[in-house]
Each structure stands twice: as C-alpha cells, then as structure tokens.
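Line by line, the protein sequences give chains A and B.
Here the working numbering is used: the first residue of the first sequence is 13, the next is one more, and so on.
Here the working numbering is used: the first residue of the second sequence is 4, the next is one more, and so on.
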Amino acid sequence: KQEVTQIPAALSVPEGENLVLNCSFTDSAIYNLQWFRQDPGKGLTSLLLIQSSQREQTSGRLNASLDKSSGRSTLYIAASQPGDSATYLCAVRIGYGQNFVFGPGTRLSVLP
Amino acid sequence: GAGVSQTPSNKVTEKGKYVELRCDPISGHTALYWYRQSLGQGPEFLIYFQGTGAADDSGLPNDRFFAVRPEGSVSTLKIQRTERGDSAVYLCASSQGLEGWNEQFFGPGTRLTVL
C-alpha cells in the first residue's frame, strides 16, 4: 500500500528565505506526482505536476524535483513571501485511472 | 472556462440525518473523483467515476456512503444516517480522462459538520 509522508509538518521562516519541502513515498511505481497548495478553508490549487519520466518542473519561484528510485520529491521555493503562507500537499498517482494518495501536508508560515 | 464547483460550500446537519453533496466537474472531463479531508490531514480517496459508472469505490468507508453520476457530468455524494465522525471537508476533482498523465482539478470543497 502506497504511503506518502511529508517533512517537516510545519515550517516558519522569515520573508526572503529560500526553503525546501520534502515528500517521500513508499512505492516507486507511480504515474506522476503533484504538488498542491491549500489555503485555510479553501480547496486545492495545483502548483506543479511531474510525470514519472520527468526529473523536475519549474514554475516561477517554484521548482519541484522527482527521484522515483528513492521515493522522494522536493519542492523548492525561492525568495519566500508572506503570500506563500499555506499548507503544501504532495500527492502521487499510482496507476491508470487511479486516485491520488496524499501526504499530510507541510504548514508553511512566511513572516514579514 | 469554469472550474470544478461544489455545492453547498457548508452544510450543518444533525446526527442521523441524510445529506447530499453536489459536484459539477469541468465541462468535457470524463473522470470524476471524490475525496474526504479531515482536519490536519491530507485528502483521502473515496470513489471515482469514468463516465456514468463508478470505476473504483474502494475508498467509501461503509454502506452509508453512496455516489452517483447518472449523466456522466454532475455527481452527487449521498450520506445516510450521518455520524459525527463524518464531519470533514469533501473534495471533488475532475480530469480529462483516466490516463495517469492527466491533471486533476479540484473544487473548493463542501465542509460538512454533523452535530
């Protein structure tokens, strides 16, 4: 059974810092991995989708990497801003038609 | 175009009552997923549809939960004899198809509170 973990559970940083969020999964046979952002009381906003054949994806100040063989992904946020404060979730898709298996999330606070 | 929409945004009910939660997927998306998110946790899979049929309902916690998608677009998640433990945010997502490379787009969720 696929399990997804995220470290740290919570992170507080001053504005302007670069930071890394970690995601680990137990079964490397995944179709893709997606990073989401969730603001309090809101739904999920997709940030980056990495297909199993890809190593990384970039969007603006965000960069996500994928190492399938080791079961890891990292989300790098450059020059963090208070508006980046949210919970960040990673999720892996495990097969054709399959649902996502989500991690518990990392709660990020960027202090002005 | 419009994204995934869910109604109601909030639902408060009493223990033992019946509730229906609605999801309107992105037009043309054939795959539809339901997830449940408890406080402080990531979403957990409930059921997904390809077209009108439930392709996988293995995540439904028990037979009080049921979902339909009669015309292959709008879906309704139905919960009978609600219990306090059913309180959570129910999220719906849709994608163009079941192929693994398709991105899932999520709605804002319905927050269900069972008193």
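Heads up, the beta-carbon is just placed ideally off N, CA and C, and yes, glycines get one too.
These numbers were taken from a predicted model, which means no experiment stands behind them.
Residue range of the beta strand (DSSP E) that Lys-54 of chain A falls in? Counting along the chain, Lys-54 of chain A falls outside any beta strand (DSSP E), and DSSP gives it neither H nor E.
Pick from B:Ser-78, B:Val-22, B:Lys-14 that is closest to Thr-119 of chain B, judged by C-alpha positions: Only positions 4 to 118 of chain B appear in the structure, and residue 119 of chain B is not among them; the question remains open.
Take Gly-83 of chain A and list the residues in its own chain whose beta-carbon comes closer than 8 Å to its own, dropping the five residues that flank it on each side. Ser-36, Phe-37, Thr-38, Asp-39, Ser-40
Runs of beta strand (DSSP E) wholly within the segment 23-106 of chain A (minimum 3 residues, chain order): 31-37, 44-50, 56-63, 68-71, 74-79, 84-89, 98-105
If you pair each beta-carbon of the segment 59-68 of chain A with each one of the segment 114-124 of chain A, do three or more pairs fall below 8 Å? no
Counting only beta-carbon atoms, is Leu-123 of chain A nearer than 9 Å to chain B? no
Name the two residues that bound the continuous beta strand (DSSP E) containing Gly-56 of chain B. 56-59
To the nearest angstrom, report how far apart Pro-64 of chain B and Glu-27 of chain A are at their CA atoms. 42 Å
By how many angstroms is the C-alpha of Val-15 of chain B removed from the C-alpha of Gln-83 of chain B? 14 Å
Taking contact to mean 3 or more Cβ pairs, one atom from each stretch, closer than 8 Å, check whether the segment 98-112 of chain B and the segment 55-62 of chain A are in contact. yes
Report all residues from its chain with a CB closer than 7 Å to the CB of Ile-19 of chain A; omit the five preceding and five following residues, and keep chain order. Asn-34
Rounding to the nearest angstrom, what Cα-Cα distance links Ser-24 of chain A and Arg-72 of chain B in this structure? 42 Å
The beta strand (DSSP E) enclosing Glu-47 of chain B, as first and last residue numbers: 47-53
Quick one: which chain B residues come within Cβ less than 7 Å of Asn-30 of chain A? Ordered by position in chain B, no residue passes the 7 Å Cβ test against Asn-30 of chain A, which lies about 25 Å from the chain.
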